[in-house]
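Before any comments, here is the structure.
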Amino acid sequence: MLKQRDLHECHALYNLMTDPAVFPYVRYPCQSYEEYLFITKQLIVEEEQGTCISRTILDEIGHPIGTIDLFISIIELVS
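Residue numbering for the sequence shown follows numbering that gives the first Met the number 0, starting at 0 and increasing by one per position.
Printed below as a string of structure tokens:
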């Protein structure tokens, strides 16, 4: 299941991201929990501005297991 990003799940997601089996595959790795929290806050603001879509992936019992971020690119065509 997917849900909108929330700061309450950051701790669990940061722990998953820093797992040695996962960390090499993280596109934007963070070196600290505070950095991860800051980036998550930025993504929430960007979604409110309409420039991205960010969701938390939940397992079958509702625990966060990952995220997906889609960035929206608006191209204006001038004729």
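For every residue, glycine included, the Cβ atom is placed at its ideal position computed from N, Cα and C.
- In the three-state reduction of the DSSP assignment, C51 falls in the strand class.
- Between L69 and I52, the C-beta gap is smaller than 8 Å, which places the two residues in contact.
- Per DSSP, L6 lies in no alpha helix (DSSP H) segment and is marked neither H nor E.
- Relative to Y13, the option among L36, G49 and T50 whose CA is nearest is L36.
- For A11 and D58, the gap between their C-alpha atoms comes out near 13 Å.
- R54 is a Cβ neighbour of L1, given a cutoff of 8 Å.
- P63 is bridged by DSSP to L57.
- Contact check for G49 against I67 fails: the beta carbons are separated by 8 Å or more.
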